[in-house]
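As structure tokens, the structure follows; a few thoughts come after it.
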Amino acid sequence: MNTSLIILFILVLGLIGYVTGRTRSLSISGGKLSALHSRPVYYGSYVAIWAVIPSLIVLFVWLIAAPIYIDSLIRSSFPDSVLSQGSATTELTLGTTRSMAGGILLLSAEELEAAKSGTGNLREILASKGVPLASEAQPFMIEAAESFNALSATSRLLMTIVVFAIGVLGAFFAVRRIGLRFRARNQVERVILAGLILASSIAILTTVGIVGSMLSETTRFFQSVPAYSFFFGTVWDPRFAAAGAAATAGQFGLIPLLAGTLYIALVAMLFAVPVGLFAAIYMAEYASPVVRGTAKPLLEILAGIPTIVYGFFALVTVGPFLRDISTELNGLVTGNYVNFIQAQSVLTAGLVMGIMLIPFVSSLSDDIITQVPRAMRDGSLGLGATRSETIKRVILPAALPGIVGALLLTASRAVGETMIVVLAAGVAARLQLNPFEPMTTVTVKIVNQLTGDLEFTSPQTLVAFALGITLFVITLFLNIYALYIVRKYREQYE
Amino acid sequence: MNMMSEAAVEKALDKKMNDVSFKMIGKDVSVYYGAKRALFDVNLNVRQNTVTALIGPSGCGKSTFLRCLNRMNDTIDSCRVTGKITLDDGDIYDPSIDVVELRARVGMVFQKPNPFPKSIYENVAYGPRIHGLARNKAEMDQIVETSLQRAGLWNEAKDRLQEPGTGLSGGQQQRLCIARAVAVSPEVILMDEPCSALDPIATAKVEELIHELRANFTIVIVTHSMQQAARVSQRTAMFHLGNLVEENDTDKMFTNPDDQRTQDYIMGRFG
Numbered sequence: 001m002n003t004s005l006i007i008l009f010i011l012v013l014g015l016i017g018y019v020t021g022r023t024r025s026l027s028i029s030g031g032k033l034s035a036l037h038s039r040p041v042y043y044g045s046y047v048a049i050w051a052v053i054p055s056l057i058v059l060f061v062w063l064i065a066a067p068i069y070i071d072s073l074i075r076s077s078f079p080d081s082v083l084s085q086g087s088a089t090t091e092l093t094l095g096t097t098r099s100m101a102g103g104i105l106l107l108s109a110e111e112l113e114a115a116k117s118g119t120g121n122l123r124e125i126l127a128s129k130g131v132p133l134a135s136e137a138q139p140f141m142i143e144a145a146e147s148f149n150a151l152s153a154t155s156r157l158l159m160t161i162v163v164f165a166i167g168v169l170g171a172f173f174a175v176r177r178i179g180l181r182f183r184a185r186n187q188v189e190r191v192i193l194a195g196l197i198l199a200s201s202i203a204i205l206t207t208v209g210i211v212g213s214m215l216s217e218t219t220r221f222f223q224s225v226p227a228y229s230f231f232f233g234t235v236w237d238p239r240f241a242a243a244g245a246a247a248t249a250g251q252f253g254l255i256p257l258l259a260g261t262l263y264i265a266l267v268a269m270l271f272a273v274p275v276g277l278f279a280a281i282y283m284a285e286y287a288s289p290v291v292r293g294t295a296k297p298l299l300e301i302l303a304g305i306p307t308i309v310y311g312f313f314a315l316v317t318v319g320p321f322l323r324d325i326s327t328e329l330n331g332l333v334t335g336n337y338v339n340f341i342q343a344q345s346v347l348t349a350g351l352v353m354g355i356m357l358i359p360f361v362s363s364l365s366d367d368i369i370t371q372v373p374r375a376m377r378d379g380s381l382g383l384g385a386t387r388s389e390t391i392k393r394v395i396l397p398a399a400l401p402g403i404v405g406a407l408l409l410t411a412s413r414a415v416g417e418t419m420i421v422v423l424a425a426g427v428a429a430r431l432q433l434n435p436f437e438p439m440t441t442v443t444v445k446i447v448n449q450l451t452g453d454l455e456f457t458s459p460q461t462l463v464a465f466a467l468g469i470t471l472f473v474i475t476l477f478l479n480i481y482a483l484y485i486v487r488k489y490r491e492q493y494e
Numbered sequence: 001m002n003m004m005s006e007a008a009v010e011k012a013l014d015k016k017m018n019d020v021s022f023k024m025i026g027k028d029v030s031v032y033y034g035a036k037r038a039l040f041d042v043n044l045n046v047r048q049n050t051v052t053a054l055i056g057p058s059g060c061g062k063s064t065f066l067r068c069l070n071r072m073n074d075t076i077d078s079c080r081v082t083g084k085i086t087l088d089d090g091d092i093y094d095p096s097i098d099v100v101e102l103r104a105r106v107g108m109v110f111q112k113p114n115p116f117p118k119s120i121y122e123n124v125a126y127g128p129r130i131h132g133l134a135r136n137k138a139e140m141d142q143i144v145e146t147s148l149q150r151a152g153l154w155n156e157a158k159d160r161l162q163e164p165g166t167g168l169s170g171g172q173q174q175r176l177c178i179a180r181a182v183a184v185s186p187e188v189i190l191m192d193e194p195c196s197a198l199d200p201i202a203t204a205k206v207e208e209l210i211h212e213l214r215a216n217f218t219i220v221i222v223t224h225s226m227q228q229a230a231r232v233s234q235r236t237a238m239f240h241l242g243n244l245v246e247e248n249d250t251d252k253m254f255t256n257p258d259d260q261r262t263q264d265y266i267m268g269r270f271g
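Listed below in structure tokens is the structure:
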């Protein structure tokens, strides 16, 4: 029986269990609901949980464990001539056998007979059925494939029986436990709690998994490139990972990329912070409810624009505009009509990224400013301070730690931003200070190193993981610091 | 100061009060919050160098009236005030009046102590700074010291002027807020239930302070405590459902009120 059908049947079993449990609890209570410890719904759910969850757990464990066990059986059945060639050959043979096993099921009895007797070429027959094989089929492989099929079928049958048995047993166990004083609600709630914990741990475990995989790839990178030449190298010249020429040593200096990243983020923040902050002050303190009601959502729409759209806005509009205006300016001043701002430049990328960041700054700051207690405003206004004096001397100082936290969160977004810089910042890894020239960022280089046809063994590709984890650490610390500051600020009014 | 002279001062003040010079005059004051009317044609005058207590059950409009006196209601968007309120014969709702200047003359102390998250010194210096009352550091120091002394906080705070005002106890914070209001040298101080968040000991200190402040300021205080009104005020006004029920000398009010509703409220029969 196939897996989704099994799951469906288990769910039906759960439904039956629910109805049974509920009915049974009602009949036990003898129509007097208050005699029951929990409401009938909980008894029903209790039975359903016992019917569904243990059997599903067994099902998933089986689905994961059985193939591993079968593979090891098949592997050990291979002749020594294969096993002696090392694990790579063994795995390859195993893979071929597995696809052969899938293919054999499509053959008629005669074709199979022909293949076995050696009169027909199995590889060609299978190819004609749309199942490609990596290598010629050898007799022992056909045998292995057949035993693979047999084992899989047995395993599946056993699994179906066991899973259903557990489901039914679970349901029976649960129904038997139902009684007047049985605490079904507490049990059900414990299962729900476990579900909630599971959900939150999935997110955390995923993070741990991502970090772990990045770390392991990074370690591999540092085996071929020394850490100090990565972290302190000032030249980024990875070369190409030409096939078979893994020895081609490039230079993987992080400094120019990091400089570009921070420079562009700085330009973006220089633009976004004042604009966003002033917008927030206007929204929180001056705007009438009507204006606030319309302008705030509009500003927040800006946050919903995909960054790739900002990217080509930069590429198609802002970049050429800056280039042309610099040409005109240069011409007017010196008479020499040559642009001094490149279309792809730190300024272009920073400016557009700044626009992207405005809603983050304004929205976060607005929340923080409105959180300042009304009593502060009243106290200041009651002393005859004007609105702007109140904002400057009372509200902003009180909100400052929170605003700084918000800005740090925004900065970590700026550092991690990818699409805008890919399109607008350029790809030349240069260490320089002119904002009108292109620079490149860590994220751009990750994209560059990972696009195309790759093998994940050369330092040219592995460096992406080292870059990724560096970026991750930077943003992580920015976020932690920001949260620390925001939390410290909260304590002031509680 | 011995007992005799203190009594003499009291007497002099009472005499001044009996001269009946009105510091603020409210005529037909009505307040609307959106479509809801909160005050109905209130006519209430505030006498010079007098503590006037506003009493009445919750929601009767006494705080609303208080907030009209320095136009704090302006900060509420839906609020509308009609009628006329004068301060020394000047209409405070006149368009030519600068609300900032008005609030410098009519200070306010709020229900919950609301010191700014700054040092004690900066809290008191806040008002003088924005109004430019001190020309140099020495003058500012002087203003801060005088104000804290007037608020009875100097002895407790003089060694910790640079510590945050939020670190004081509730009663000290409220006295800091009074010092902050006094530092601007207002003519009138409005107090909106200044003791409702304080314990009895702190309350006693603030009440004593109110009593002393009367010599230099005109005070209007909203309170829920009958005893407090009786203790600190010379004139009492009773509000009910947005109307001014009665306004009279405090002594008379608590012994022989003109209006049955005042009698009932003071006796605790409603409210």
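Respectively, the protein sequence lines represent chains A and B. Position 482, counted from 1, in the first sequence is what UniProt numbering calls 482; the numbers after and before it change by one each time, with no gaps. Position 52, counted from 1, in the second sequence is what UniProt numbering calls 52; the numbers after and before it change by one each time, with no gaps. Quick reminder that beta carbons are idealized off the backbone N, C-alpha and C, glycines included. Treat the numbers as computed from the prediction; the structure is a model and nothing was measured.
Of the listed residues the options, nearest to residue i (C-alpha basis)
i, options, result
"alanine 398(A)", "Arg123(A), Val486(A) and Ser55(A)", "Val486(A)"
"leucine 476(A)", "Ser458(A), Ala411(A), Gly311(A) and Gly426(A)", "Ala411(A)"
"glutamate 113(A)", "Thr89(A), Pro139(A), Arg98(A) and Lys129(A)", "Pro139(A)"
"glutamine 171(A)", "Leu15(A), Ala385(A) and Pro306(A)", "Looking at the sequence shown, residue 171(A) is not glutamine but alanine. Of Leu15(A), Ala385(A) and Pro306(A), the residue nearest in Cα terms is Leu15(A)."
"arginine 37(B)", "Thr64(B), Lys23(B) and Ile25(B)", "Thr64(B)"
"valine 235(A)", "Asp367(A), Ser216(A), Val225(A) and Ile255(A)", "Ile255(A)"
"isoleucine 142(A)", "Leu122(A), Leu83(A), Ser81(A) and Glu389(A)", "Leu122(A)"
"valine 267(A)", "Ser84(A), Val415(A), Thr160(A) and Gly95(A)", "Val415(A)"
"residue 542(A)", "Pro54(A), Thr261(A) and Ser152(A)", "In the structure as shown, chain A begins at 1 and stops at 494. Residue 542(A) is therefore absent and cannot be evaluated."
"glutamine 432(A)", "Ala280(A), Val346(A) and Ile358(A)", "Val346(A)"
"leucine 298(A)", "Trp50(A), Leu133(A), Ser363(A) and Ala65(A)", "Ser363(A)"
Beta carbon proximity, residue i to chain A, threshold 8 Å
i, result
"glycine 127(B)", "yes"
"methionine 72(B)", "yes"
"glutamate 101(B)", "yes"
"lysine 112(B)", "yes"
"isoleucine 130(B)", "yes"
"threonine 107(B)", "The residue you asked about is not threonine; residue 107(B) is glycine in the sequence shown. Glycine 107(B) counts as touching chain A."
"arginine 180(B)", "yes"
"valine 31(B)", "no"
Below-8 Å beta-carbon distance, residue i vs any chain B residue
i, result
"methionine 283(A)", "no"
"glycine 17(A)", "no"
"alanine 406(A)", "no"
"valine 290(A)", "no"
"valine 352(A)", "no"
"alanine 287(A)", "no"
"valine 486(A)", "no"
"alanine 295(A)", "no"
Residue interval of the beta strand (DSSP E) (run including residue i)
i, result
"asparagine 248(B)", "243–249"
"glycine 107(B)", "106–109"
"alanine 38(B)", "36–47"
"valine 222(B)", "218–222"
"lysine 27(B)", "22–33"
"valine 267(A)", "Where valine 267(A) is concerned, there is no enclosing beta strand (DSSP E), although the alpha helix (DSSP H) it sits in stretches over 255–281."
The alpha helix (DSSP H) enclosing residue i, as first and last residue numbers
i, result
"methionine 376(A)", "374–382"
"cysteine 195(B)", "Here cysteine 195(B) belongs to no alpha helix (DSSP H), and DSSP marks it neither H nor E."
"leucine 33(A)", "From DSSP, leucine 33(A) is part of no alpha helix (DSSP H); its letter is neither H nor E."
Task: the region 319–333 of chain A contacting the region 372–387 of chain A, beta-carbon criterion three pairs below 8 Å - done: no
- [ ] Taking 8 Å as the threshold, find out whether the region 202–211 of chain A comes into contact with the region 35–49 of chain A through three or more Cβ pairs.
- [x] no
Open item on the list: Measuring CB atoms only, is the region 179–192 of chain A touching the region 428–443 of chain A, in the sense that at least three cross pairs come out at less than 8 Å?
Closed with: no
Task: Contact set between the region 194–223 of chain B and chain A, restricted to residues whose Cβ is under 7 Å from the partner - done: none
TODO: Anything in the region 377–392 of chain A with a Cβ closer than 8 Å to a Cβ of chain B? List those residues in chain order, please.
DONE: Arg377, Asp378, Gly379, Ser380, Leu381, Gly382, Leu383, Gly384, Ala385, Thr386 and Glu389
Task: Selection of the region 63–96 of chain B by Cβ proximity to chain A, strictly under 8 Å - done: Asn70, Met72, Thr75 and Asp77
Open item on the list: Does the region 178–198 of chain B come into contact with the region 100–108 of chain B, if we say contact requires no fewer than three beta-carbon pairs (one atom in each stretch) closer than 8 Å?
Closed with: yes
- [ ] Check whether the region 70–90 of chain B touches the region 155–162 of chain B, taking contact to mean three or more Cβ pairs, one atom from each stretch, closer than 8 Å.
- [x] no
TODO: Taking only beta carbons into account, state which residues of the region 408–438 of chain A come closer than 9 Å to chain B, listed in chain order.
DONE: none
- [ ] Please determine if the region 301–314 of chain A and the region 379–394 of chain A are in contact, where contact requires at least 3 C-beta pairs separated by less than 8 Å.
- [x] no
- [ ] Say whether the region 245–252 of chain B touches the region 215–228 of chain B, bearing in mind that this needs 3 or more beta-carbon pairs closer than 8 Å, one atom from each stretch.
- [x] no
- [ ] Specify whether the region 277–289 of chain A and the region 354–369 of chain A touch according to this definition: at least 3 beta carbon pairs, one from each stretch, less than 8 Å apart.
- [x] yes
TODO: Spell out a yes or no on whether the region 457–465 of chain A and the region 376–385 of chain A are touching, meaning 3 or more CB-CB pairs, one atom from each, closer than 8 Å.
DONE: no
Open item on the list: For the region 167–180 of chain B against the region 192–201 of chain B, do three or more pairs of beta-carbon atoms, one drawn from each stretch, fall closer than 8 Å, so that the two count as touching?
Closed with: yes
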